[in-house]
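Q: Residue numbering for the sequence shown follows my numbering, starting at 5 and increasing by one per position. Think of the CB as a built atom: it goes at the ideal place given N, C-alpha and C, for glycine as much as any other residue.
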Amino acid sequence: MWMNSTQWSGEHSFMAVLPVLTYPDSRLTGVSKPVERFDSALRDFIMDLEETMRVGPGSVGIAAPQVGNLHRIVIVDVSEKKGVSHHGKLILVNPEIVVRQGSLVGREGCLSVPDFTGNVSRAERIRFRARDMNGAIIDIQCEGYEARAVQHEIDHLDGLLFLDRLSSRRTDLFPRKKKS
Ligand code: NI
Numbered sequence: 005m006w007m008n009s010t011q012w013s014g015e016h017s018f019m020a021v022l023p024v025l026t027y028p029d030s031r032l033t034g035v036s037k038p039v040e041r042f043d044s045a046l047r048d049f050i051m052d053l054e055e056t057m058r059v060g061p062g063s064v065g066i067a068a069p070q071v072g073n074l075h076r077i078v079i080v081d082v083s084e085k086k087g088v089s090h091h092g093k094l095i096l097v098n099p100e101i102v103v104r105q106g107s108l109v110g111r112e113g114c115l116s117v118p119d120f121t122g123n124v125s126r127a128e129r130i131r132f133r134a135r136d137m138n139g140a141i142i143d144i145q146c147e148g149y150e151a152r153a154v155q156h157e158i159d160h161l162d163g164l165l166f167l168d169r170l171s172s173r174r175t176d177l178f179p180r181k182k183k184s
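(1) Could you tell me which of 49, 73 and 125 sits nearest to residue 185, measuring between CA atoms?
(2) Less than 7 Å between the CB of residue 116 and some heavy atom of the ligand NI, yes or no?
(3) Which word fits residue 135, buried or exposed, when buried means at least 16 other C-beta atoms lie within 10 angstroms of its C-beta?
(4) Less than 8 Å separating the beta-carbons of residue 111 and residue 123?
(5) Is it buried or exposed for residue 48, if we count other Cβ within 10 angstroms and need 16 for buried?
(6) Answer yes if the stretch 80-90 comes into contact with the stretch 35-44, meaning at least three C-beta pairs across the two stretches below 8 Å, and no otherwise.
(7) Would you tell me roughly how many angstroms separate the C-alpha atoms of residue 108 and residue 127, rounded to the nearest one?
(8) Pick helix, strand or coil for residue 120, following the three-state DSSP scheme.
(9) Please confirm whether any heavy atom of the ligand NI lies closer than 7 Å to the CB of residue 160.
(10) How is residue 8 classed by DSSP in three states: helix, strand or coil?
(11) May I have the straight-line CA-CA distance separating residue 106 from residue 29, to the nearest angstrom?
(12) Of the residues 149, 100 and 113, which one's Cα is nearest the Cα of residue 142?
(13) Ignoring anything shorter than 3 residues, give me the beta strand (DSSP E) runs that lie fully in the stretch 69-96, in order along the chain.
(14) For the structure I just gave you, are there three or more beta carbon pairs, one from the stretch 111-120 and one from the stretch 142-151, closer than 8 Å?
Structure below.
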């Protein structure tokens, strides 16, 4: 599903869970465009995106291209994760990382790669700028798990999955345990 500007307009009062694209869908490799209009269609889409994130078990983030909408929008919320510092729910439009410090390897999963997790090296601390859904400027420094999640989601906007960040698929990729 590629949402175009026509589909963005109109009345929309019910939240919806959107279908999530999975690897190797070629739309996941596209580069997303900046959002230019901060209107009610954007806010409706963001509500659907959040609803879609919430149904993924243990999900801490989602990016618009994962539902086939190639615009620079991500949501990150690691507040449910025990013992990590966080800024609550982050809705980030046109996010940009402006400072990166240190590096740490950690385990990542992704709604678009449901059967695997992987060990990925990310900056330990970052500072990023973005807009909120009303167009107001956000400027935040974060670290650790939250910084990892923000970097993972912003990668989606540039067509990158955690699979593209592994040093080696042989040693850094792990089958997810099946829940039955
Ligand atoms: Ni992901």
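A: Judging by the given coordinates:
(1) Here the chain covers residues 5 to 184 and nothing more, so residue 185 does not appear.
(2) Position 112 of the sequence shown, counted from the start, is the residue given in the question as residue 116. Yes, since a heavy atom of the ligand NI falls inside the 7 Å radius drawn around the Cβ of residue 116.
(3) Within the sequence shown, numbered from 1, the residue matching residue 135 stands at position 131. Buried.
(4) Within the sequence shown, the letter at position 107 stands for residue 111. Within the sequence shown, the letter at position 119 stands for residue 123. With a cutoff of 8 Å on beta-carbon distance, residue 111 and residue 123 are scored as near each other.
(5) Reading the sequence shown from its first residue, position 44 is the one you call residue 48. Counting Cβ neighbours within 10 Å, residue 48 comes out buried, since at least 16 surround it.
(6) Segments in contact, no.
(7) By 1-based counting over the sequence shown, the position of residue 108 is 104. By 1-based counting over the sequence shown, the position of residue 127 is 123. When rounded, the distance between both Cα atoms is 6 Å.
(8) Taking the sequence shown and counting its residues from 1, one reaches residue 120 at position 116. Strand, per DSSP.
(9) Residue mapping note: residue 160 aligns to position 156 of the sequence shown, counting from 1. For the ligand NI, at least one heavy atom lies less than 7 Å from the Cβ of residue 160.
(10) On the sequence shown, residue 8 is found 4 positions in, with the first residue counted as 1. Its pLDDT being 41, under 50, residue 8 is placed unreliably in this model, and the value from its coordinates should be taken loosely. Correct three-state label for residue 8: coil.
(11) In the sequence shown, the residue the question calls residue 106 occupies position 102. In the sequence shown, the residue the question calls residue 29 occupies position 25. Rounded to the nearest angstrom, the two C-alpha atoms are 32 Å apart.
(12) Stepping through the sequence shown from its first residue, residue 142 is reached at position 138. Checking every option, the nearest Cα to that of residue 142 belongs to 100.
(13) 77-80
(14) no
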